[in-house]
Amino acid sequence: MRIQNFQVALVKKTQQLLPRALRDFQPRAFFSLVKLYYSNPKLHYEVWVRGAERLVEIGLHFEECKN
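Count along the sequence shown from 1, add 1, and you get the number used in our numbering.
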């Protein structure tokens, strides 16, 4: 499966499996990485396809927000 197809399938399946109240997240894809977040993009889930290592990395990121 191509990475872009995986990313689309990931977003669709995640929306299907979440309770209705949590399905309104925002997806953002960058190359082999997809981020899922709600109102604050600095707080997001991340799924990264690492092809060379044959891995899929999944994480919850809390990025610093400077005002």
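Glycine residues also receive a C-beta, built at the ideal position from the N, C-alpha and C atoms. What you are looking at is a predicted structure, and each value in this text was computed from that prediction instead of being measured.
- Query: Can you list, in chain order, the residues of its chain whose CB lies under 7 angstroms from that of Phe26, leaving out five sequence neighbours each side?
  - Reply: Start at 1 with the first residue of the sequence shown, and residue 26 comes out as number 25. The residues are Leu37, Tyr38, Tyr39.
- Glu64, DSSP secondary structure in three states: Against the sequence shown, residue 64 aligns to sequence position 63. The answer is coil: DSSP assigns Glu64 none of H, G, I, E or B.
- Considering only residues of the same chain and omitting the five flanking positions on each side of Tyr46, which have a CB-CB separation below 8 angstroms? Within the sequence shown, the letter at position 45 stands for residue 46. Around Tyr46: Lys36, Leu37, Tyr38, Ile59, Gly60, Leu61, His62.
- Within-7 angstroms CB hit, Arg55 to chain B: Absence of chain B from the displayed structure is noted, only one protein chain being present.
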